[in-house]
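Mapped onto the working numbering, the consecutive letters of the sequence shown carry residue numbers 29 to 131.
Positions of the beta carbon are idealized from the N, C-alpha and C atoms, including for glycine.
Below: one structure, written as structure tokens.
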Amino acid sequence: MRDHGGGGLTYEVLVEQLGEAAGDVRAVTQLAQAGEVETMAQGIDLGHSRLTHVLWEFCGRWDRGLSLLVGDSTAMADALESTAQDYAEGEAATAQLYLGAGG
Numbered sequence: 029m030r031d032h033g034g035g036g037l038t039y040e041v042l043v044e045q046l047g048e049a050a051g052d053v054r055a056v057t058q059l060a061q062a063g064e065v066e067t068m069a070q071g072i073d074l075g076h077s078r079l080t081h082v083l084w085e086f087c088g089r090w091d092r093g094l095s096l097l098v099g100d101s102t103a104m105a106d107a108l109e110s111t112a113q114d115y116a117e118g119e120a121a122t123a124q125l126y127l128g129a130g131g
């Protein structure tokens, strides 16, 4: 084992830890893609129980925020659709007035 000035951290240990971190990143990515934000921090060893707890709390807040955002975007889409319909009806009424006036 070689020490490359990492404060006693050997190259092999560093490579192993980076591999584990990459695995955890893959696991988090898969959970996020599956929409399972609440379970992201469960079963992932972050090296410290407090960090795991904080991540779990963050994931819960993120999930609630995302749910609210999705709800807001649905309401926004409904409002835009209603506005587009109102605009189309107004445009049709204006066209009828124009055509009725001999335009």
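Between which residues of its own chain and R92 is the CB-CB distance below 7 Å, once the five residues before and five after are set aside? Around R92: no qualifying Cβ.
Assign L59 to buried or exposed, taking buried as 16 or more other Cβ atoms, counted over all protein chains shown, within 10 Å of its Cβ. So L59 ends up on the buried side.
So what's G141 in DSSP terms, helix, strand or just coil? The question about residue 141 has no answer, for the chain in this structure spans 29 to 131.
What is the DSSP secondary structure of A62, counted as helix, strand or coil? In the three-state reduction of the DSSP assignment, A62 falls in the coil class.
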